[in-house]
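Have a look at the structure below before the remarks.
Residue numbers (this note's numbering): -16 to 185.
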């Protein structure tokens, strides 16, 4: 299969269940075939992967499935490669080794916390974390996450990303555009930290 120009190849998309030297980010949705893999692949495309490790998982455990075809089309549309992606169910160990957990909805955040209550201060929906990045500038990852935790109640507007599964190509396109805007916003901030000594710590 020939990769179209501009497509960034997807590396191994699994966060290891042990600590690494990179700051680990886990994205989460229901089945890990639409929203969270798109978040993962776009974050991988935008972030400095020498500093950040990104993976994804699903609350309701599809295991070993490729991305939903409509979601995969959107990944390609925005320059990512879904070819080697495979879904997996979330585990406590994945949560424990992740420094930041970005979910599609509040319900997914609640499910993460039901597994690992101690993850409260590093678990956010993508939309609420992106808004906090914009509204509350920080000098380090630790400061950014602490600020996002403090300011949860101040987030205005929708914070859930609706599920486009089996809703057709237009629904997937709209959700992808919503995700890519937030991913770019978050990535711009995180890459600034990557360039600053000591600003990123897992």
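Ideal Cβ positions, reconstructed from N, Cα and C, are used throughout, including at glycine.
Among the options, which residue has its Cα nearest to the Cα of residue i?
i: residue 196; options: 123, 122, 130; result: In the structure as shown, the chain begins at -16 and stops at 185. Residue 196 is therefore absent and cannot be evaluated.
i: residue 163; options: 9, 6, 23; result: 23
i: residue 161; options: 25, 93, 104; result: 25
i: residue 13; options: 6, 82, 92; result: 92
Which same chain residues end up closer than 8 Å to residue i when comparing Cβ atoms and leaving out the 5 residues on each side of it in sequence?
i: residue 151; result: 53
i: residue -7; result: Below a pLDDT of 50, predicted positions are generally treated as unreliable, and residue -7, at 46, falls in that range; no measurement from the model is reported.
Among residues of its own chain, excluding the 5 on either side of residue i, which ones have a beta-carbon nearer than 7 Å to its beta-carbon?
i: residue 168; result: 113, 116, 117
i: residue 57; result: 21, 155, 156, 159
i: residue 132; result: 104
Are the Cβ atoms of residue i and residue j separated by less than 8 Å?
i: residue 166; j: residue 29; result: yes
i: residue 177; j: residue 34; result: yes
i: residue 16; j: residue 70; result: yes
i: residue 172; j: residue 84; result: no
i: residue 95; j: residue 106; result: yes
i: residue 146; j: residue 18; result: yes
i: residue 149; j: residue 111; result: no
**Q.** Sufficient close CB pairs (3 or more, under 8 Å) joining the stretch 51 to 68 to the stretch 82 to 97
**A.** Touching, no.
Q) Any contact of the stretch 141 to 151 with the stretch 28 to 38, i.e. 3+ C-beta pairs under 8 Å? A) At 8 Å Cβ cutoff, the stretches do not touch.
(Q) Within 8 Å, do at least three Cβ pairs link the stretch 116 to 129 to the stretch 67 to 79? (A) no
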